[in-house]
Amino acid sequence: MTNPSPLPDFLALEDGRRIAYHRTRASDESAGAGRPGVVFLGGFKSDMTGTKATFLEDACRARGLAFLRFDYTGHGQSSGAFEDGCIGDWARDALDALDALTGGPQILIGSSMGGWIALLAARARPERLAGLVTVAAAPDFTEEGMWAAFSDEQKAEMARTGRVELPSDYSDEPYVITQKLIEDGRSQRVLRTPLSLPFPVRLLQGTADADVPLDWALRLLDHAEGPDIRLTLVKGADHRFSAPAELALLASALDEVLALA
52 MTNPSPLPDF LALEDGRRIA YHRTRASDES AGAGRPGVVF LGGFKSDMTG TKATFLEDAC
112 RARGLAFLRF DYTGHGQSSG AFEDGCIGDW ARDALDALDA LTGGPQILIG SSMGGWIALL
172 AARARPERLA GLVTVAAAPD FTEEGMWAAF SDEQKAEMAR TGRVELPSDY SDEPYVITQK
232 LIEDGRSQRV LRTPLSLPFP VRLLQGTADA DVPLDWALRL LDHAEGPDIR LTLVKGADHR
292 FSAPAELALL ASALDEVLAL A
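Residue numbers (my numbering): 52 to 312.
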C-alpha cells in the first residue's frame, strides 16, 4: 500500500489558500492517451491520508492512471481553519484543484461529503467529467442531516452563538457546526433543482451506514438525470466502507466507469 507519510505538494492560490495534495501521473503517457484521470474527494473533516484515498492511489497506479488526492482548506495539511469553512469553500477548493492539477477528462470519486462536492463539480464543470463514483454520498446533509436533527435548544444556541458542538464517532474532538456552514449549505443544495449527470455514474451505499441513511441514496438515484446511473447496496457495510471486500467493490466501480468513459 501507499505510504501516506511523505510530504505533500501545495497548490498556492492568489487569495492565499494553500491546498495540500499528492498527485500520481499516468505511468505511460502514450498508452494513457485519452484515458481519464481520477480525483478523490474526501469527506467532512477527513483528510487525504484515509484508507479509501490511499487504496485508490494504489489502484490507479496499477492501472497506469493519473490520480489526485488533496485536502480541502481547513482539513489535513491545507491552510485555514476547519471552523471557517463551508460547503461552497470546499467545492471551490475542488474546482481549483481540478482546474490547476489535472488535464483532460476526469473520473471523480466522492466519499460522503465528497459525494456532494463531486455533484457540485459535475454541475460546474460537466465538460471535464468522464464519470462519477460515490461512496455513501451525502448531498445536502447540512440541511437534511444536521439542521433537521437539531433540537430547539440547539437551534437557539446556534442563533445565540453562531455554532453548535456535536459529538463525533471518528474523533475525540467534537464537530463544530457553524451558522455559516448551515446557511451556505442551503445555497449549495443539489436535490431541489435538476441534476444532470450525463456520464456513467456508480453509487455505492452500505445498508449499515449510521451516518448516511439508505433513503438518501435512493433519493439521489431517483432525482439525478442521466443515461447510466446505478446504485449498489452493500448489506452490512458501514459508513467507512473500508473493509477489503468493500474496497474491491470500489475498484470494480471505477473499472466499470473507466470502461465506459
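A virtual CB, placed ideally from N, CA and C, is assigned to each residue, including glycine.
Everything numeric in this text was worked out from a predicted model, so none of it was measured.
Taking 8 angstroms as the threshold (C-beta atoms), are residue j and residue i in contact?
i	j	result
A169	L62	no
Q255	V186	Gln is not the amino acid found at residue 255; the sequence shown has Leu there. The answer is yes: Cβ separation under 8 angstroms.
G127	D135	no
H73	R143	no
P245	G277	no
L116	R86	yes
L305	V184	yes
V241	R179	no
G165	G93	yes
Does DSSP put residue i in a helix, in a strand, or in coil?
i	result
S81	Confidence is the limiting factor: at S81 the pLDDT is only 45, short of 50, which leaves the residue's position unreliable, though a coordinate-based value still follows. Note: S81 maps to coil in three-state DSSP.
V215	strand
D220	coil
S247	strand
G154	coil
L305	helix
S238	helix
Q205	helix
A296	helix
Using the rule of at least 16 other Cβ atoms within 10 Å of the residue's Cβ for burial, across every protein chain shown, is residue i buried or exposed?
i	result
A104	buried
S97	buried
For residue i, tell me which candidate among the options has the shortest Cα-Cα distance.
i	options	result
A259	V227, H290, T193, D223	H290
V90	G154, S97, S238, A310	G154
V252	C111, S163, A299, A275	A275
F95	A189, Q205, L269, A268	A189
S163	F292, A296, P225	F292
C111	Q157, S97, A132, D150	Q157
W167	A296, R211, A268, F133	A268
L301	G161, I228, A210	G161
R211	T229, E194, L217	T229
Any idea which residues DSSP pairs residue i with across the strands?
i	result
A71	F61
V90	L119, L159
R253	V184, R281
I228	V215
E108	Paired residue(s): none; E108 is not in a bridge.
E276	S247
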